[in-house]
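Here the structure comes first, spelled out in structure tokens, and everything after it is commentary.
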């Protein structure tokens, strides 16, 4: 006789996790089945590794189409994580039993595939809302928190109660159950049947509480197979990846997210003096911002939270009571005063870690090695690096960050700065986002190292028919500053070919400033820019030839566009400082200024530049102005 124990939980719920651990100790199962992707069964045993530090996530993806990926996050207090740890520490068989992503990735809309929402039921408009309302709560999350997550967790009757409640709710909703949910539950039942057929006497099934009624009364195996038989499979791979508390929250868009991961961590670890720990954390963060907060503020906040719980007829204060008390006391009655610490208070800078020896894509391994050698810390908190490009280490850091940006991984952004060391100076703000791992896997098709992948990506963009001259020059700037020597030759050839075919002087004008920028700043990074100089010497004369006719017969809107581009060109030529170009530029300006058919805005700008350069006297300028304002011309 097989005993199947259905343990319904809430994902990332510390109370559910505490009750689950107690139930598993009481049940002493022979096998543990968990709602999760069977695609990752081969790496489940790695969850016992001492250096695998939550929060982490299981990444399941299709190697042939890495963008098709799903992440399953776990915190230390996630019930599924605790179930894994129990099974592995007791050397019990452990399996995931949700519908494999191999059967789901090809059917899901692409926009939904990068977020795992294991207990999301968007077809149901708050199924627990009536229960919460009957209990006197307007907020379902708050009701569930007080009912389950804030419990001591030393009994297993809570699972029976949750099962009965969900069974009543599903009596009203099962008729509208989407096909995907039916298939998920059919596959879970299939896995339970397989475990019982193998002779396991006590089977523990850990799943979202919503699913337990569907697993308690099983239809025939034939009926479940009929639901699953039409599903085709794709090849999948899985890996453990770091996750962050911020991405565990519902504010990040995660469907099974929670309000405050740090609060739930305290619920899991600090049952005693919970409020004092929470308020002290807020006080320390406010003091770091030079806000005058004393221990008396903390004491009064805790007292107020207790009073609020009594007024609201709640046994113990929860997160809403402590938050309201913090606003009143620490924020002096204004919630905006706590916004400066909100992110650090609720999420911190918590980012999990995965051992380097774990299976990972070659590109991820290369990045990990580079991060280590360049001493770039991976953290969820924003960190600023002030780089001196004359130093080899800082220059290599800049090159890595720029290569990653080419691959679509915006780990760092360049900050504006004033003063300092001019062109030798870069300020980068770095903040690691867990979803970058998907971008890395997607970029793996370009190569096995960051440098190789960046070069291959540039080659692909060069061959794109939609590439404009300006976009190719921007790409050249990126390649030069990222020190991608293997890509520069092909880029220069592409730019020369595109420039030779470009008949529009506006397009050529757009190309001039970035080329000059590359030519001027390349040497700071010890980059060879001689090829850029050759492009400039062929491009600039064509621009000069095209400007006078481009300024004739145009309306005011077109003149404004041309004027803006001429301003940028004048600045670029001034920066370049080539005497040959400067002389030719002034000749062009003279032709423009003395041509009556040129639009007045462009003619006036040319006259002003010539006067500033000492090329025309005040009398000549006065004559040109008088001609423009004569009665024969439109004002």
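In this note's numbering, the protein residues as written are 6 to 640. Glycine residues also receive a C-beta, built at the ideal position from the N, C-alpha and C atoms.
Taking the Cβ atoms as the reference, residue 433 lies roughly 6 Å from residue 406, within the contact range of under 8 Å.
In the structure shown, residue 468 adopts coil according to DSSP, grouped into three states. Secondary structure remark: continuous beta strand (DSSP E) runs of at least 3 residues inside the segment 158 to 215, in chain order: 207 to 213. Here the segment 145 to 155 lies against the segment 18 to 37, with 3 or more beta-carbon pairs under 8 Å apart.
Scanning 544, 572, 612 for the CA closest to the CA of residue 632 turns up 612. Straight through space, the alpha carbons of residue 203 and residue 463 are spaced by roughly 54 Å. Linking residue 177 to residue 218 through their CA atoms gives a straight-line distance of about 13 Å. Under the DSSP assignment, residue 484 falls in the alpha helix (DSSP H) whose first and last residues are 474 to 486. Judged by beta-carbon spacing, residue 208 lies within the 8 Å limit of residue 34, meaning their Cβ atoms are closer than that value. Excluding its 5 nearest sequence neighbours in each direction, residue 236 has C-beta neighbours in its own chain below 6 Å: 108, listed in chain order. Shown here for residue 564: same chain residues with a beta carbon closer than 7 Å to its own, the five before and five after excluded, namely 604, 606, 607 in chain order.
The alpha-carbon of residue 106 is positioned some 56 Å away from that of residue 580. Counting the other CB atoms within 10 Å of its CB gives residue 570 a total of 16 or more, which places it among the buried residues. Distance between residue 287 and residue 346, taken at the CA atoms: about 7 Å.
The beta carbon of residue 98 lies closer than 6 Å to those of 36 in the same chain, with the five residues before and after it left out. Residue 272 and residue 487 have their C-alpha atoms roughly 46 Å apart. In this structure, residue 62 keeps its C-beta atom at 8 Å or more from the C-beta atom of residue 297. The bridge partners DSSP lists for residue 302 come to none. Counting other Cβ atoms within 10 Å of its Cβ, residue 576 stays below 16 and is therefore classed as exposed. Here residue 469 is exposed. Its C-beta has fewer than 16 other C-beta atoms within 10 Å. When 308, 32, 75 are compared, the shortest CA-CA separation from residue 241 is found for 75. Leaving aside the five residues that flank residue 86 on each side, the residues in its chain whose CB is nearer than 8 Å to its CB run, in chain order, 22, 52, 59, 79, 80.
For the set 414, 340, 587, 378, the Cα lying nearest the Cα of residue 397 is the one of 378. With fewer than 16 other Cβ atoms inside 10 Å of its own Cβ, residue 623 counts as exposed.
Counting only runs of at least 4 residues, the segment 388 to 466 fully encloses the following alpha helix (DSSP H) elements, listed from N- to C-terminal order: 397 to 411, 441 to 448. As computed with DSSP, residue 8 is found in a beta bridge with 207. For residue 613, the enclosing alpha helix (DSSP H) starts and ends at 605 to 617. Between residue 56 and the set 359, 332, 467, 300, the nearest pair of CA atoms involves 359. According to the DSSP assignment, residue 247 belongs to the beta strand (DSSP E) that extends over 242 to 247. The Cβ atoms of residue 39 and residue 163 do not sit closer than 8 Å to each other. About 20 Å separates the beta carbons of residue 431 and residue 372, which is beyond the 8 Å limit, so they are not a contact pair. Secondary structure at residue 626: helix, using DSSP grouped into helix, strand and coil. Classified as exposed, residue 543 has fewer than 16 neighbouring CB atoms from the shown chains inside 10 Å of its CB. Under the DSSP assignment, residue 71 falls outside any alpha helix (DSSP H), being part of the beta strand (DSSP E) whose first and last residues are 70 to 79. According to DSSP, residue 358 shares a beta bridge with 58.
The C-beta separation of residue 175 from residue 104 comes to about 18 Å, leaving the pair out of contact by the 8 Å criterion.
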